[in-house]
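Read the structure below first, then the notes.
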Amino acid sequence: MTRRPIALLVVLGIAGVLALDATISKPPNPYRAPPLLALGSGLAPAGAHCSAAGS
């Protein structure tokens with residue numbers, strides 16, 4: 001196989017995954033979403049490696 005068919009398969013695969021995700025998932029609720037940047041918000045970190053830093 002050459003590059004063109006493989007590149008086409010990759011692009012179609014990515015487009016398929018995006019289309020599947022768009023049809024299955026619900027739109028995000030902006031009122032329940034965490035803040036984009038929580039700098040100085042007072043929210044404690046949770047669920048990541050940085051959440052263990054204060055312990």
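Residue numbers for the sequence shown follow full-length UniProt numbering, so the first one is 1 and each next one is one higher. No residue lacks a Cβ here, since even glycine has one placed at the ideal position from N, Cα and C.
Out of curiosity, what's the CA-to-CA distance linking residue i and residue j?
i	j	result
I6	G13	10 Å
N29	T2	44 Å
R32	L18	23 Å
residue 72	V11	A question about residue 72 goes unanswered here, because the residues of the chain that appear run from 1 up to 55.
L8	A22	21 Å
L20	R4	24 Å
P27	L37	20 Å
Since residue i is in the alpha helix (DSSP H), which residue starts that stretch and which ends it?
i	result
T23	R3 to I24
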